[in-house]
Amino acid sequence: MKKLSLVLGLMLFAIGSMVAQRTVTGTVSDQNGEPLLGASVLVKGTSTGTITDVDGNYSVKVPDGSTTLVVSYTGFNTQEVEVGNQSVINITMQEGITLSEAVVTALGVQREEKALGYAVQEVGGDQLTISNDLNFVSSLSGKVAGVQVLSSSGASIGGSAKVRVRGVSKLVGGEPLYVVDGTPIANNNFSSTTGGSDYGNLAADIPTNDIEKISVLKGPAATALYGERASNGVVMITTKKGTFGKKGLGVTLSSTLSADRVYVLPEYQNSYGGGYEQTWEEVTDPVDGQSYRVLNYSADESWGPRMDGTTYRPWWSWFPGTADYGTTIPLQGNPDNVRDFFDTGITNINTVSIDGGGQTTGFRFGFTNVNQSGVIPNSDLDRNSINLSVTQKLADRLTLGVNANLVYTDAKGRPEFGYSTRAGNPVNSFNQWFQRQLDVTRLADYKNPDGTFRSWNIRSPSDPTPLYWDSPYFSVYENYRTDGRDRYFGDISLAYELVDGLTIKGALRRDNFTQRIEERVASGGLEEPWYREFVANGTEDNYELIANYQADFGKISFDAMAGGNIRRNTYHQNNAQTVGGLTAPNLFNVNASVDRPDATSEVREKNVRSVFGSANVGYNGVAYVGVTLRNDWSSALPADNNGYLYPSVSGSLVFSELLNTSWLSFGKLFGSVAQVGADLDPYRTNSVYDYGTAPYGSTSTFAVPNLLPNTNLEQTLSTSWEVGLDMRLFNDRLGFSLIHYQAETKNDILQVQVPGASGYSEALINAGLTSSKGIELALYGTPVRNNNVTWDISVNLSRNTSKVEELYGDLTNYKLADGIGGSRWGGFTVNARVGEEWGLANGIGFTYDDQGRYIIDETGNYVTTSNKDLGSILPDYTGGVLNTLNFKGVELRAMVDFQVGGQFFSVTRMFNAYSGLGAETVANNDLGNPIRDPLVDNSGNEVAGSSILASEAGPNTGGIRVDGVSETGEALSVYVEPQSYYGSLFGLAERWLYDASFVKLREVSLGYNIPKKVLGNMPIQSLKLSIIGRNLWLIHSNVDGIDPSEILPGANNIVFEERGGLPGVRSIGAKLTVGF
7 MKKLSLVLGL
17 MLFAIGSMVA
27 QRTVTGTVSD
37 QNGEPLLGAS
47 VLVKGTSTGT
57 ITDVDGNYSV
67 KVPDGSTTLV
77 VSYTGFNTQE
87 VEVGNQSVIN
97 ITMQEGITLS
107 EAVVTALGVQ
117 REEKALGYAV
127 QEVGGDQLTI
137 SNDLNFVSSL
147 SGKVAGVQVL
157 SSSGASIGGS
167 AKVRVRGVSK
177 LVGGEPLYVV
187 DGTPIANNNF
197 SSTTGGSDYG
207 NLAADIPTND
217 IEKISVLKGP
227 AATALYGERA
237 SNGVVMITTK
247 KGTFGKKGLG
257 VTLSSTLSAD
267 RVYVLPEYQN
277 SYGGGYEQTW
287 EEVTDPVDGQ
297 SYRVLNYSAD
307 ESWGPRMDGT
317 TYRPWWSWFP
327 GTADYGTTIP
337 LQGNPDNVRD
347 FFDTGITNIN
357 TVSIDGGGQT
367 TGFRFGFTNV
377 NQSGVIPNSD
387 LDRNSINLSV
397 TQKLADRLTL
407 GVNANLVYTD
417 AKGRPEFGYS
427 TRAGNPVNSF
437 NQWFQRQLDV
447 TRLADYKNPD
457 GTFRSWNIRS
467 PSDPTPLYWD
477 SPYFSVYENY
487 RTDGRDRYFG
497 DISLAYELVD
507 GLTIKGALRR
517 DNFTQRIEER
527 VASGGLEEPW
537 YREFVANGTE
547 DNYELIANYQ
557 ADFGKISFDA
567 MAGGNIRRNT
577 YHQNNAQTVG
587 GLTAPNLFNV
597 NASVDRPDAT
607 SEVREKNVRS
617 VFGSANVGYN
627 GVAYVGVTLR
637 NDWSSALPAD
647 NNGYLYPSVS
657 GSLVFSELLN
667 TSWLSFGKLF
677 GSVAQVGADL
687 DPYRTNSVYD
697 YGTAPYGSTS
707 TFAVPNLLPN
717 TNLEQTLSTS
727 WEVGLDMRLF
737 NDRLGFSLIH
747 YQAETKNDIL
757 QVQVPGASGY
767 SEALINAGLT
777 SSKGIELALY
787 GTPVRNNNVT
797 WDISVNLSRN
807 TSKVEELYGD
817 LTNYKLADGI
827 GGSRWGGFTV
837 NARVGEEWGL
847 ANGIGFTYDD
857 QGRYIIDETG
867 NYVTTSNKDL
877 GSILPDYTGG
887 VLNTLNFKGV
897 ELRAMVDFQV
907 GGQFFSVTRM
917 FNAYSGLGAE
927 TVANNDLGNP
937 IRDPLVDNSG
947 NEVAGSSILA
957 SEAGPNTGGI
967 RVDGVSETGE
977 ALSVYVEPQS
987 YYGSLFGLAE
997 RWLYDASFVK
1007 LREVSLGYNI
1017 PKKVLGNMPI
1027 QSLKLSIIGR
1037 NLWLIHSNVD
1047 GIDPSEILPG
1057 ANNIVFEERG
1067 GLPGVRSIGA
1077 KLTVGF
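Numbering (our numbering), first residue to last: 7 to 1082.
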């Protein structure tokens, strides 16, 4: 890849040198003669241009045939200047306001911003590449009001990110539709919440450097033209294109190199070693006959002896025939042992793009290579992406368009996440079952001389085989998984202008992916050897025909659109895995299964036929009214009830056109009302038998499914309205958009339990009424702008609440998700409860008296209650702040995003305490004594039990003081031995439920545009060097060692439980961008 980039660069260098051109210089200043730093000077019809330096000077090479310079600067009117025969052109800019910009709306239609009667917010490509995140979805964090991004840890290499638009508006969650240059694309996520790897969401296949801008369509009025699958919003992605009339070729080379390090870990204790109690064990070595102190190696907790330097035999000194046999060392803390396990990851992104065209052609070609080695040892990812866009005028009124995208991804060693019995997530052991004295470098030596494997968790000195846990290095080097994905998507279209203003366009669009996954458990470890192959292929074809008409009749503007679409989705999935182990060690093949392999195959097809149309009328640039209408017929719904109509009406009033005020640049009131729907996966309304084979032999079998189909299902329908105010003030120095919306969703399609006597276990029904409402604020401004400094700031803030109004019949509660461990771990659940806010957490909780005091018993245990409602998991506010500062050619960008409210259950924190690993398990009590010291009574005697009443305890007692009242209301204080105390809290959901608020410095970029005069006569038009960083600082979090912004969603797209996830990762690097 480096060779390819070099060759292309040399070729383009030669081409640029041969093109005839001349140099034009000058100065750009304001009305007062002050030079303007950073003004853009572009040769019209080309990509050739430059920016002014601190003195307002510029120098640009103008190719022969080019006659015009385009000069622009924020807050000033853009000027076009004829070059003529001049070689020196000085330009004076005039302050002005931004004219109404074109915004990409549904079906790729561009409309003037002032004409929109609904909410659309755009994010420019420059904002997406601040830190060059591999997943552009993650780059949206905090940049769009009303959009919450749910991201995975950077340790997952190429991990997933999901988007929630305007909170939760229906009982079962969903994601927005993603559309690239008019082509809908899949965003499947091949991951699970427990014991699985995160293989990334499909939308991440789009290279961030290829994106020109993103438009987020939020409300139903904006999305109604997309019909049944746009009820959760639409993310419209416009990629970079070539332009007509361009002279010559434009080339951009970009290279980013960054280092990734783990930076968010729990705070561990470093005072006590492994074991279940603090007493030492003594063992006689049969080789030398001597007695040695040893820890309880079979224990996977850290309630053992104090780490005070006492000499002992470590686990690795008990393997006969090794040089370390018989070694003794002092027992001491190892504060960085977890951090030392992780590598420094390296991410390298190289991009080359070529754009050009002529009077009848515009094209752009982009190639991106991503190579990443992860922070988890033996993990890496390689992705190659090709993007091609061509627009060709075949005749005066006939235009051909082609967009093609190819993506090839291969990865190895993606780590498991979440709590899993299969060793694949090393954090599982470090944060939940570990011994704090362990030296990680010793764990890296996980092979014995005879080829068997070893680990720290040995059964005993006489039997040094692992008991519960393999070495984490065994997990990542032997139990690794591989995956690959081949993806292509794009479209080919023909547009013909029948008469002036009337265009007919036909398009064929396709999105296709093939996902391959191989997972393994190696022979010789604690787990049974195992192998799995998974292959999935998905294709979506869209056949589209649209007619557009635009005309002006005096002061009246009119545009209309009518069209039709046929969509066909197919999905094929094959999954096969071994059962009972492997017939030969490490023979990773399904045919090597000891017992008959478990193999399943799935095929799904779905067709949707649609017609749609819209009409928009404007009067004198002041008032606008628009209507849309779409009807979908879905094959997934019952044949006699499969068609649904989605209408919308919107309007806007540009009141700034009616006022003559110098301080008001632009003002618009707008509002809309709309209805959209959602259906379901195919084959859910008819009986489809499950295919299998008999237990012995190969006889085919068919079984009645567990799900009772419903031939009367209707589509889910969401009705909403919104009103908003857009204003720009003081020559666009200040602006904001304020929106209020409300929505109701009815007829959600739910899967509910039914009596077994029916012959089924579950049934599909239409149920529920969910209401949601919210406020969105997008604020932007330029507090400082002079000849040296420009400071731009944008703020996004939103609040959403969702309430369950109805369910079905006598049903008052619908369980949305189960917590890990189910009833064994307290039965934590998330629910939709009638009359309550959506996402109600429920589980074991504390009990209190009327004064809010804990109710406890005489042993210090809390008196608890089951099925306690613990509040909604949804956040109250989400948002972000982006600052951009330009000073004498240096640009600083800093992105901070935040969340206020929400809750999550932390498995890591619960086990950290339960296993004696966390720092809170070694604190001092109210008497100043270490809580792990023995319990002592008034007479100075150690107490044999696990608790003592405070009234009976001596001044030197250890233990955690628990204050409360008895069930009869009497004040009660008890000192409790910490191992018993934290053991009693296991599964107590209220104790381990944390506020999910956070403030995070998400992205930073510090760049310098090398002045043209420094570049001299080199054929380089622009050169920028940047230092970039991502996840630099978790400014605020209410829970130690957990990043609430990186908890991967579970069932129904719900973030409610941190299940022993991967640690947070900080990235720092450099980026070089060169333009020719």
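All C-beta atoms, glycine included, are put in the ideal place defined by N, C-alpha and C.
Return the residue from the list the options that minimises the CA-CA distance to residue i.
{"i": "Ile1048", "options": "Phe676, Asn753, Val433", "result": "Val433"}
{"i": "Asp685", "options": "Gly677, Val527, Tyr650", "result": "Tyr650"}
{"i": "Val94", "options": "Thr33, Lys149, Leu42", "result": "Thr33"}
{"i": "Val126", "options": "Ala977, Phe371, Pro761, Ser678", "result": "Ser678"}
{"i": "Ser599", "options": "Ala977, Leu1040, Pro292, Ser529", "result": "Ser529"}
{"i": "Val66", "options": "Asn83, Val89, Tyr79, Gly624", "result": "Val89"}
{"i": "Ala642", "options": "Leu991, Ala629, Gln721", "result": "Gln721"}
{"i": "Ser499", "options": "Asp187, Tyr577, Thr576", "result": "Asp187"}
{"i": "Lys176", "options": "Gly351, Pro272, Lys809", "result": "Lys809"}
{"i": "Phe564", "options": "Ile360, Gly507, Val527, Asp604", "result": "Gly507"}
{"i": "Thr865", "options": "Leu978, Asn889, Asn930", "result": "Leu978"}
{"i": "Gly993", "options": "Ile1053, Arg938, Leu1031, Arg915", "result": "Arg915"}
{"i": "Arg267", "options": "Gln378, Ile562, Tyr502", "result": "Gln378"}
{"i": "Val887", "options": "Gly934, Asn716, Glu1009", "result": "Glu1009"}
{"i": "Ala769", "options": "Pro711, Ser800, Gly825, Ser724", "result": "Pro711"}
{"i": "Tyr747", "options": "Pro226, Tyr502, Tyr577", "result": "Pro226"}
Please report how far the alpha carbon of residue i lies from the alpha carbon of residue j, in whole angstroms.
{"i": "Thr691", "j": "Ser607", "result": "20 Å"}
{"i": "Ile862", "j": "Gly970", "result": "6 Å"}
{"i": "Glu811", "j": "Gly239", "result": "22 Å"}
{"i": "Gly922", "j": "His1042", "result": "25 Å"}
{"i": "Gln441", "j": "Gln583", "result": "34 Å"}
{"i": "Ala773", "j": "Gly828", "result": "26 Å"}
{"i": "Thr200", "j": "Asp476", "result": "In this prediction, Thr200 scores a pLDDT of 42, lower than 50, which makes its location untrustworthy; the coordinate-derived value is nonetheless stated afterwards. If you take the alpha carbons of Thr200 and Asp476, they lie about 19 Å apart."}
{"i": "Glu842", "j": "Asn802", "result": "27 Å"}
{"i": "Asp497", "j": "Asn354", "result": "30 Å"}
{"i": "Val344", "j": "Gly279", "result": "15 Å"}
{"i": "Gly332", "j": "Asp291", "result": "8 Å"}
{"i": "Gly765", "j": "Leu719", "result": "20 Å"}
{"i": "Ile21", "j": "Phe369", "result": "Only weak support exists for where Ile21 lies, its pLDDT of 39 falling under 50; the coordinates are left without a value."}
{"i": "Val628", "j": "Glu728", "result": "20 Å"}
{"i": "Leu43", "j": "Asn792", "result": "8 Å"}
{"i": "Ser198", "j": "Ser158", "result": "The predicted position of Ser198 is uncertain, since its pLDDT is 47 and thus under 50; a value taken from the coordinates is nonetheless stated next. Going from the Cα of Ser198 to the Cα of Ser158 covers about 12 Å."}
{"i": "Tyr124", "j": "Ala228", "result": "6 Å"}
{"i": "Val614", "j": "Leu231", "result": "14 Å"}
Between the beta-carbon of residue i and the beta-carbon of residue j, is there less than 8 Å?
{"i": "Ile850", "j": "Glu958", "result": "no"}
{"i": "Val169", "j": "Val143", "result": "yes"}
{"i": "Trp998", "j": "Ser912", "result": "yes"}
{"i": "Ser778", "j": "Ala823", "result": "no"}
{"i": "Gln338", "j": "Thr927", "result": "no"}
{"i": "Lys224", "j": "Val171", "result": "yes"}
{"i": "Leu740", "j": "Gly787", "result": "yes"}
So is the beta-carbon of residue i under 7 Å away from any non-hydrogen atom of the ligand COA?
{"i": "Arg610", "result": "This structure simply doesn't include the ligand COA, nor any ligand for that matter."}
Between the stretch 1059 to 1079 and the stretch 157 to 175, do at least 3 Cβ pairs fall closer than 8 Å? With a cut-off of 8 Å on Cβ pairs, the stretch 1059 to 1079 is in contact with the stretch 157 to 175, counting three or more such pairs.
Taking only runs of the beta strand (DSSP E) that begin and end inside the stretch 535 to 564, which ones reach a length of at least 3 residues, in chain order? If one requires a minimum length of 3 residues, the beta strand (DSSP E) runs lying completely within the stretch 535 to 564 are 536 to 559, in chain order.
Given 8 Å, three or more beta-carbon pairs between the stretch 1006 to 1022 and the stretch 963 to 977: With the rule of 3 Cβ pairs closer than 8 Å, the stretch 1006 to 1022 does not count as touching the stretch 963 to 977.
Does the count of Cβ pairs from the stretch 365 to 380 and the stretch 203 to 219 closer than 8 Å reach three? Contact holds: three or more Cβ-Cβ distances are below 8 Å.
Can at least three beta-carbon pairs, one atom from the stretch 252 to 261 and one from the stretch 314 to 323, be found at a separation below 8 Å? Contact annotation: the stretch 252 to 261 does not touch the stretch 314 to 323, with fewer than three C-beta pairs closer than 8 Å.
Pairs of beta-carbons, one from the stretch 648 to 662 and one from the stretch 670 to 677, closer than 8 Å: are there three or more? Taking 8 Å as the limit for Cβ pairs, the verdict is that the stretch 670 to 677 does touch the stretch 648 to 662.
Give the list of continuous beta strand (DSSP E) stretches no shorter than 3 residues that lie fully inside the stretch 360 to 388. As far as the stretch 360 to 388 is concerned, its whole beta strand (DSSP E) runs of at least 3 residues are 367 to 379.
Any beta strand (DSSP E) of 3 or more consecutive residues that is wholly inside the stretch 275 to 309: Whole beta strand (DSSP E) segments, 3+ residues: 287 to 290, 297 to 300.
Length-filtered (4 minimum) alpha helix (DSSP H) runs lying within the stretch 905 to 988: Correct list: 913 to 920.
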